[in-house]
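S.K.:
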Amino acid sequence: MTAEEVMDEIEKDAVFYFHSDGGVTISRGEALVQADFAKEILQKSKYIGINTVLETSFCGAYNEIQKVAPYVDTLFVDVKMFTSKLHKQWTGLDNQQILKNIRRFLIEYPNCEVRIRVPVVPGINMNLTELLTIACFVADLDRFVPLELLPYHRYGMHGYQALGLEYPLADTPAPSPKEMFALADQLARTVPHLPVTALTKTFIY
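Heads up: the sequence shown begins at 1 in UniProt numbering, then just goes up one per residue.
1. What are the start and end residues of the beta strand (DSSP E) that includes Pro151?
2. Phe144 and Arg115 look like a contact to me (Cβ under 8 Å); what is the Cβ gap, rounded to whole Å?
3. Give me, in chain order, the residues of the same chain whose beta-carbon lies closer than 7 Å to that of Gln186; leave out the 5 immediate sequence neighbours on both sides.
4. What did DSSP end up calling Leu42 once you bin it into helix, strand or coil?
5. Just mark Tyr205 as buried or exposed, buried being the case when its beta carbon has 16 or more other beta carbons within 10 Å.
6. Following the continuous alpha helix (DSSP H) through Thr2, name the residue where it begins and the one where it ends.
7. What are the partner residues of Leu128, as DSSP defines its beta bridges?
8. Would you list, in sequence order, the uninterrupted alpha helix (DSSP H) runs of no fewer than 4 residues that lie entirely inside the segment 83-140?
9. Pull up the distance between the alpha-carbon of Lys12 and that of Ser45, whole angstroms please.
10. Opposite Gly23 in the DSSP bridges: which residues?
11. So, Val118 versus Pro151, is the Cβ gap smaller than 8 Å?
12. Figure out for me which residue from Ile48, Tyr167, Val68 and Phe137 has the closest Cα to the Cα of Glu30.
Set out below in structure tokens:
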């Protein structure tokens, strides 16, 4: 689809967006891989008064982020792990550029609401040591940013199967709500004044 075709679909629901305070979200995969395409959709959406949201891992070059940044109202950034070695082991990439991008973005785009999200995966980053390191990083940023813990799920498994690929975490269970709440509560108690959300409950002390 072209950006114009996407906007044709968006504009059909524009009245709903205006009355519900909803908007357009660009997510799944990595939007910054197609930064010019994403920019066009976000820019056109902002032009007609629709709120915009971007979900990203922020692993791209900063100049790609700059293309879309002026047209984003709310930004969700995935921080999967803080330990660089662990991040490279599971994603194939170092995370230093991601952390630099977050710090720089917060300074240069103060009007954009930013939320840091951590997909919590048992056996990988579902431990208090790793999550606490991320929480401390977020709490130490130049401006207020809430932290959200997202439970691991297997929604991507069917996509792997469709491509004839083995899903590497097929036997990994999803964290229970009780486990997620406990982690969020522990992080919020350890890092004062940092709002930590797990599922639908927010903890802040």
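Note that CB positions come from ideal geometry on N, CA and C, so glycine has one too.
M.R.: Inspection of the coordinates gives the following:
1. As a first step, residue 151 is located in the sequence shown; it is residue number 151 there, counting from the start. Where Pro151 is concerned, the enclosing beta strand (DSSP E) stretches over Leu147 to Pro151.
2. Taking the first residue of the sequence shown as position 1, residue 144 is located at position 144. Taking the first residue of the sequence shown as position 1, residue 115 is located at position 115. Phe144 to Arg115, Cβ: 11 Å. No contact.
3. For the purposes of this step, residue 186 is identified with residue 186 of the sequence shown, where counting begins at 1. These residues qualify, in order along the chain: Leu128.
4. The residue given as residue 42 occupies position 42 in the sequence shown. Looking at Leu42 - three-state DSSP - the assignment turns out to be helix.
5. For this step, residue 205 is matched to residue 205 along the sequence shown. In this prediction, Tyr205 scores a pLDDT of 43, lower than 50, which makes its location untrustworthy; the coordinate-derived value is nonetheless stated afterwards. Tyr205 should be labelled exposed.
6. If you number the sequence shown from 1, residue 2 lands on position 2. It is not in any alpha helix (DSSP H) - Thr2 carries neither H nor E in the DSSP assignment.
7. Residue 128 sits at position 128 when you count from the first residue of the sequence shown. DSSP, once it has assigned bridges, lists no residue as partnering Leu128.
8. 84-91, 96-108 and 128-139
9. As a position in the sequence shown, residue 12 is number 12, starting the count at 1. As a position in the sequence shown, residue 45 is number 45, starting the count at 1. So the two alpha carbons sit approximately 12 Å from each other.
10. The residue labelled residue 23 in the question sits at position 23 within the sequence shown. In DSSP, Gly23 forms a bridge with Asn51.
11. As a working note, residue 118 is residue 118 in the sequence shown. As a working note, residue 151 is residue 151 in the sequence shown. No, the Cβ-Cβ distance between Val118 and Pro151 is not below 8 Å.
12. On the sequence shown, position 30 is the one that residue 30 refers to. Checking every option, the nearest Cα to that of Glu30 belongs to Val68.
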